[in-house]
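Line by line, the protein sequences give chains D and F. With numbering that gives the first Met the number 0 applied, the first sequence covers 0 to 394. With numbering that gives the first Met the number 0 applied, the second sequence covers 0 to 755. For each residue, glycine too, the CB sits at the ideal point set by N, CA and C.
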Amino acid sequence: MAGLLNKLRMMDAAGKKPVPKEKNESLPYAHMHRKDHVYPVSLFADRRHATPDILQKVFECSFPAKVTPEDILFLDTETTGLSGGVGTVAFQIGLGYFTPAGFVVEQMLIHDYPQEAEMLHLLEARMKRFPIICTFNGKSFDVPLLRSRMVMNRISDSSIPPVHADVLYPSRRLWKLRLRQCTLGHLENQLLGVEREDDLPGAMVPQAYFQYLKDRDFAPMEKVLEHNRQDIVSLAQLFYELCRQMAQPENVTQGEDLLSLARMCERTGDIARATKCYRLCAKGSTRPQAYRAMSVNAKRRGDCRTAVKLCRTMLSRGDDPIYAYEALAKLCEHQLHDPEQAMHYTRQALLYLAEPSLNRSEETVAQQESLKHRYARLRRKLSADRTNSSADSSM
Amino acid sequence: MNLDQLIGNLKNDASFMKCVTEWRTLPATDGKYADFPEGMDDRIIKVLRKRAIHRLYTHQAECFRLAEEGKDFVVVTPTASGKTMCYNLPVVSEILKNPDARALYLFPTKALSADQVSGLYSMIEELEVDIKAYTYDGDTQGAARKAIRQAGHIVVTNPDMLHANILPHHTKWVKLFENLKYIVIDEIHTYRGIFGSHLANVLRRLLRLCAFYGSKPQFILCSATIANPAELASALTAREITAVTNNGAPMGERHFVFYNPPVVNRQLGIRKGVVPEVRRVSEKLLSNGIPTIVFCKSRIQVEVMTRYMKDCIRDAYGFSGRVRGYRGGYLPGERHEIERGLRAGEVDMVISTNALELGIDIGSLSACVLCGYPGTIASTWQQAGRAGRRKDTALTIMVASSAPLDQYIIENPDYFFNASPEHALVQPDNLYVLTSHLKCSAYELPFEDGEVFGNVKDTEQFLEYLTESNILRHLDGKYYWMEEELPSGEISLRSATAENYIIIDITNPAHHRVVGEMDRFTVPMLLHENAIYMHEARQYQVEKLDYDACKAYIRAVDVDYYTDADLNVSLHILDDLEHKEMPNGTGLTLGELRVSSIVKIFKKMKLDTHENLGFGVVRLPQTDMHTVGMWWTIPDSLTCKYTNDDLQGGLVAVSNLLAIVAPLYLMCATRDIHVVYQVKAPITDKPTIFLYDSFPGGVGLSEKAYQMQEMLLEEALKIAEGCSCENGCPACTGPLAEIGEGGKQRAIAILKELLA
């Protein structure tokens with residue numbers, strides 16, 4: 000049947016040259032590559048901040064009543080592709096966990112596909128010991144991929160820890176406003192000051208592995224391992240950095256981060272902590288947004304006095320006066336029933352909006368329209384009130 | 000007038016009857032019934048009784064019995080015969096017995112699956128049980144997908160979705176694969192040619208995964224009437240299939256009328272156009288308020304006819320909602336609205352492409368008008384079946400166009416009524432298709448040494464090829480996937496090769512839009528630079544063809560000429576697969592061919608007069624296609640009496656005749672096969688007529704033609720002899736100018752000698 004093979008070769012429009020068949024069809028290595036590295040605990044922010052309460056606020060899911068650093072398994076994988084289908088294999092798994100000796104990064108790398116089961120069995124044994132798993136984007140990538148690999152190797156996936164703290168999502172919530180970009184590399188560079196030298200870009204990892212399968216030159220794999228180690232250390236550092244900032248907003252220096260932190264607290268219903276963060280914004284560039292948010296919160300819980308006070312403070316500082324005047328107008332009209340004052344504030348807001356230097360965006364035009372409506376309505380109301388009261392007095 | 004009165008009226012209308020070449024009345028048939036089968040769940044029987052169903056049709060009962068026995072089967076049914084019950088009853092019954100059981104339903108289109116699942120819902124609702132049936136397709140929301148994967152008892156999807164979304168992510172569907180009991184495939188007659196060959200391989204992949212997860216599902220298949228339902232079903236599934244053909248549903252009296260538009264120019268054999276004639280006929284039906292469906296050939300025809308019909312009934316307020324158009328390209332909401340209107344009787348006439356030929360529930364209409372012959376016998380019966388409630392009279396009027404195929408059918412009604420419908424052919428072992436799916440399957444689960452993919456004996460050869468191409472890695476008795484990307488992404492189930500060219504309209508510089516796509520082998524003919532490309536009746540000029548990037552850029556123009564590329568085809572025989580010698584010395588061969596085509600020039604032709612306005616040069620590389628073909632090698636003893644020129648004319652005529660006949664018997668579109676002749680073929684050195692599949696790798700058409708070659712020649716002869724023209728016309732041998740003086744007679748003589 001050499002005929003069929005030849006036909007198949009001819010069919011190839013690109014005319015790929017057949018590669019000489021590799022002679023050794025069995026594996027030269029009896030076991031996968033394994034190596035542990037230990038890092039000092041001093042690399043990480045104060046780990047006591049990671050209480051269940053703080054973790055819940057950061058990750059927005061429930062944690063066990065007691066969480067010690069030894070409960071958390073940090074995990075990152077290197078794979079043969081990024082497509083996420085069942086044919087993608089994790090050829091390298093890195094695990095990080097705290098021991099009395101320090102932070103251990105345990106790495107496994109399979110020399111070829113048949114060793115996958117060996118690696119997954121070891122992973123299963125490790126995962127069983129931990130109630131919490133921590134990854135970067137593992138919710139949509141690493142964990143489903145490993146689950147899929149376990150199914151295909153007929154290994155139960157029940158060992159995967161029940162609680163999953165994915166650092167990507169809170170990182171976006173906390174730092175995206177300021178840093179714009181939230182890849183692990185960018186975060187570690189900006190927040191942890193890590194400068195990777197001679198790093199292997201993630202996109203090149205699959206090809207590097209395929210090359211290793213062909214030429215058995217381990218040097219590029221050392222680079223993959225190094226890259227993976229750094230990823231795991233950064234992952235754990237970011238995990239504690241998130242907890243620290245949530246636990247101690249007073250030590251957060253960036254205005255945008257404080258604002259983001261406040262919003263995170265609002266999402267989990269912790270208004271007190273949110274307010275604390277907003278107040279901390281008073282010295283920074285995000286003060287207008289913070290006061291605005293606080294006034295909205297005050298109004299929402301029916302505390303008009305505070306809302307008015309906050310808006311007045313904004314006016315006294317010249318922070319976002321159009322918003323402040325409009326908010327005051329609304330408060331006066333609906334809550335304080337003072338149409339005269341409401342009209343005054345509406346007029347002020349309109350005056351600001353009439354400023355010729357103002358950028359005529361769609362938004363400002365819409366705002367202007369709504370203010371005009373408000374103004375007209377208030378006028379009608381006032382003149383009606385006047386007619387009524389004069390009618391009263393004439394009686 | 001009601002339909003019976005109108006039929007009487009038409010029969011007395013001399014101007015109408017003079018165009019009628021055949022009026023066939025098919026008598027009404029009674030229903031055949033059977034009691035509810037023993038194994039059927041009482042809860043189902045209760046629901047059926049509530050719907051006033053006290054017995055099943057015999058075919059429904061037989062299906063239930065076969066399913067219970069664990070058989071794989073195909074049920075062949077005309078429209079409106081209670082087909083969905085043939086699979087819903089056994090599937091629901093199984094799930095009631097075993098709540099873990101799962102079923103997978105495959106429909107060829109999204110519209111069809113949405114329609115069928117709604118019927119299933121209402122049954123489940125009446126049963127008041129917790130059976131979850133979901134459609135899973137491109138429209139399914141992300142959040143719903145997870146629920147379907149976990150909990151869906153019945154997953155309704157299409158082959159494309161199965162291929163690209165479900166199989167490559169099978170670990171998310173563990174519940175489905177572990178417990179898969181039934182695979183239901185409806186409308187299997189649509190899976191012929193390339194689409195069918197792909198489906199057969201998708202099913203090989205599916206069954207391989209089922210085996211991995213430890214399930215062995217049963218097949219329930221449904222087909223419209225074709226010649227070989229069990230053979231097709233068995234080719235698609237690689238299982239032995241029982242055919243259920245005893246349709247038990249009753250049917251009313253049906254009238255089938257063949258209508259040939261009057262001749263307006265006798266010399267040139269030109270008839271009145273099909274569209275104005277269909278308009279005339281449809282107006283009669285519409286003005287009498289008879290619920291009618293009009294089937295048109297193209298989207299543009301649908302639009303034109305819809306406008307005519309709407310104008311005809313528009314009231315003083317401009318309202319014309321009783322007439323609706325229906326075609327692909329309408330939004331789903333709009334289509335559902337029309338379907339609902341039809342069922343509710345709010346719409347009197349719907350004008351549709353063959354989109355409504357498949358089993359979408361539109362209730363039953365009374366009359367059907369076909370704008371031209373639908374192309375196959377099976378398709379014609381499908382479309383005609385849209386008219387006719389179970390007990391009432393139905394009328395179908397087929398209006399012929401001037402195309403050769405239409406004229407043949409309309410002039411030979413016996414052929415249509417007596418011939419068996421066409422064979423649906425698939426070629427699951429097409430090298431291109433098979434290799435593509437082997438890659439997908441290897442991605443989904445590593446192959447092991449000695450493992451066989453479906454029933455492909457040479458699996459190992461393919462794996463070896465993929466290994467030497469560095470796509471797989473062979474180690475310790477297994478083949479591992481060794482690429483980054485998933486292979487299913489670049490394989491479309493609806494074409495043979497992945498390389499499709501997209502056509503981009505750049506008329507509006509601010510808004511480039513993709514208007515279509517075309518396969519690699521047609522591109523040099525129709526999309527070379529400066530070609531005039533027609534799309535939806537608009538003219539475009541090809542501005543730039545980026546051959547490497549597979550893109551053609553076109554711009555709208557308004558010119559009075561069209562372009563005709565001069566295609567040079569050379570055939571090269573790669574391999575003889577089978578050969579036999581006829582007693583008269585004719586050699587008959589089935590083999591593999593390399594078809595090399597190159598376009599070097601194109602002609603600009605004036606639109607009405609077909610004058611040649613000049614030439615243009617095309618600079619494109621030659622394209623090679625490997626395919627399967629069959630050829631007649633004509634011995635010198637038959638041809639020695641002709642001069643070379645005469646022989647050439649005769650061969651042109653025979654080729655043209657075969658090109659008309661072959662699609663009739665092979666159930667394919669005219670463009671799916673090619674017939675070419677060589678006066679002196681390089682290999683055989685003798686006059687040779689080739690017939691080959693126009694798909695890379697072949698889809699089985701030539702194999703079939705090889706087996707039925709005698710019938711093809713006989714039919715070709717019948718057309719030539721039966722045609723009233725003297726020296727050849729477009730409806731038979733081709734016109735005089737093409738075949739030369741006496742070409743028709745020589746074609747008849749050659750055919751007779753080949754058959755001798």
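Buried/exposed call for residue i, threshold 16 Cβ in 10 Å
i: F/Q217; result: buried
i: D/E332; result: buried
i: F/H254; result: buried
i: F/G488; result: exposed
i: D/R266; result: exposed
i: D/R300; result: exposed
i: D/N296; result: buried
i: F/A13; result: exposed
i: D/C28; result: Residue identity check: residue 28 of chain D is Tyr in the sequence provided, not Cys. Exposed is the call here.
i: F/F318; result: exposed
i: D/M118; result: buried
i: F/H53; result: exposed
i: F/E577; result: exposed
i: F/L9; result: buried
i: F/G247; result: buried
i: F/T24; result: exposed
Within 7 angstroms, strictly: CB atoms of residue i and residue j
i: D/L406; j: D/V57; result: Lying before the first or after the last residue shown, residue 406 of chain D is absent from chain D, which here runs from 0 to 394.
i: F/K96; j: F/D136; result: no
i: F/I350; j: F/V293; result: yes
i: F/E276; j: F/P260; result: yes
i: D/V232; j: D/E77; result: no
i: F/V398; j: F/Y258; result: yes
i: F/K477; j: F/E447; result: yes
i: F/I759; j: F/T20; result: Because residue 759 of chain F is not part of the residues shown, which for chain F are 0 to 755, the question remains open.
i: D/M293; j: D/L309; result: yes
Contacts of residue i in chain F (Cβ-Cβ under 7 angstroms)
i: D/K6; result: L430
i: D/G283; result: Under the 7 angstroms cutoff, chain F gives no residues; its nearest Cβ is about 38 angstroms from D/G283.
i: D/S157; result: Here the premise fails: no neighbours, minimum Cβ distance about 13 angstroms.
i: D/L3; result: D457 and Q460
Contact set between residue i and chain D, taken where Cβ atoms lie within less than 7 angstroms
i: F/L485; result: S82, G84 and G86
i: F/E124; result: Going along chain D, no residue has its Cβ under 7 angstroms from F/E124, so there is no contact; the nearest lies around 34 angstroms.
Proximal residues of chain F, C-beta to C-beta of residue i below 8 angstroms
i: D/R146; result: T170
i: D/V150; result: T170 and V173
i: D/L167; result: In chain order: nothing, as chain F lies at least about 18 angstroms away.
Anticipated Cβ contact below 8 angstroms, residue i with residue j, distance rounded
i: D/R228; j: D/G93; result: 6 angstroms
i: F/R48; j: F/L126; result: The Cβ separation is near 13 angstroms, so there is no contact.
i: F/V75; j: F/V243; result: 7 angstroms
i: F/D574; j: F/E591; result: 4 angstroms
i: F/Y325; j: F/R278; result: About 17 angstroms; that fails the 8 angstroms criterion.
i: F/A704; j: F/L690; result: 5 angstroms
i: F/L492; j: F/Y546; result: That pair is no contact at about 25 angstroms.
i: F/E832; j: D/G80; result: Summary: the structure shown does not reach residue 832 of chain F, with chain F confined to residues 0 through 755, and so no result is reported for it.
Neighbouring residues, chain D, relative to residue i (Cβ below 9 angstroms)
i: F/D260; result: According to the sequence shown, residue 260 of chain F is Pro rather than Asp. Within chain D, no residue comes near F/P260; the closest Cβ sits about 46 angstroms away, beyond 9 angstroms.
Beta-carbon neighbours of residue i, restricted to chain A and to distances below 9 angstroms
i: D/T79; result: Considering every chain present, this structure includes no chain A. Its protein chains are D and F.
(message) Whether or not the stretch 445-460 of chain F and the stretch 408-421 of chain F are in contact is what I'm after, with contact meaning three or more pairs of Cβ atoms, one per stretch, closer than 8 angstroms; do they touch?
(response) Result no; under three Cβ-Cβ pairs closer than 8 angstroms.
(message) Within 8 angstroms, do at least three Cβ pairs link the stretch 455-475 of chain F to the stretch 155-175 of chain D?
(response) Between the stretch 155-175 of chain D and the stretch 455-475 of chain F there are fewer than three inter-stretch CB-CB distances shorter than 8 angstroms, so the stretches are not counted as touching.
(message) For the structure I just gave you, are there three or more beta carbon pairs, one from the stretch 308-315 of chain F and one from the stretch 384-402 of chain F, closer than 8 angstroms?
(response) No, the stretch 308-315 of chain F does not touch the stretch 384-402 of chain F.
(request) Answer yes if the stretch 612-624 of chain F comes into contact with the stretch 584-601 of chain F, meaning at least three C-beta pairs across the two stretches below 8 angstroms, and no otherwise. (result) Taking a cut-off of 8 angstroms for Cβ pairs, the stretch 584-601 of chain F and the stretch 612-624 of chain F touch, as three or more such pairs fall below it.
(request) Could you tell me whether the stretch 498-513 of chain F touches the stretch 42-59 of chain D, using the rule of 3 or more Cβ pairs below 8 angstroms? (result) Because the criterion of three Cβ pairs below 8 angstroms is not met, the stretch 498-513 of chain F and the stretch 42-59 of chain D do not touch.
(request) Specify whether the stretch 743-754 of chain F and the stretch 648-658 of chain F touch according to this definition: at least 3 beta carbon pairs, one from each stretch, less than 8 angstroms apart. (result) Cβ pair count under 8 angstroms is three or more, so yes.
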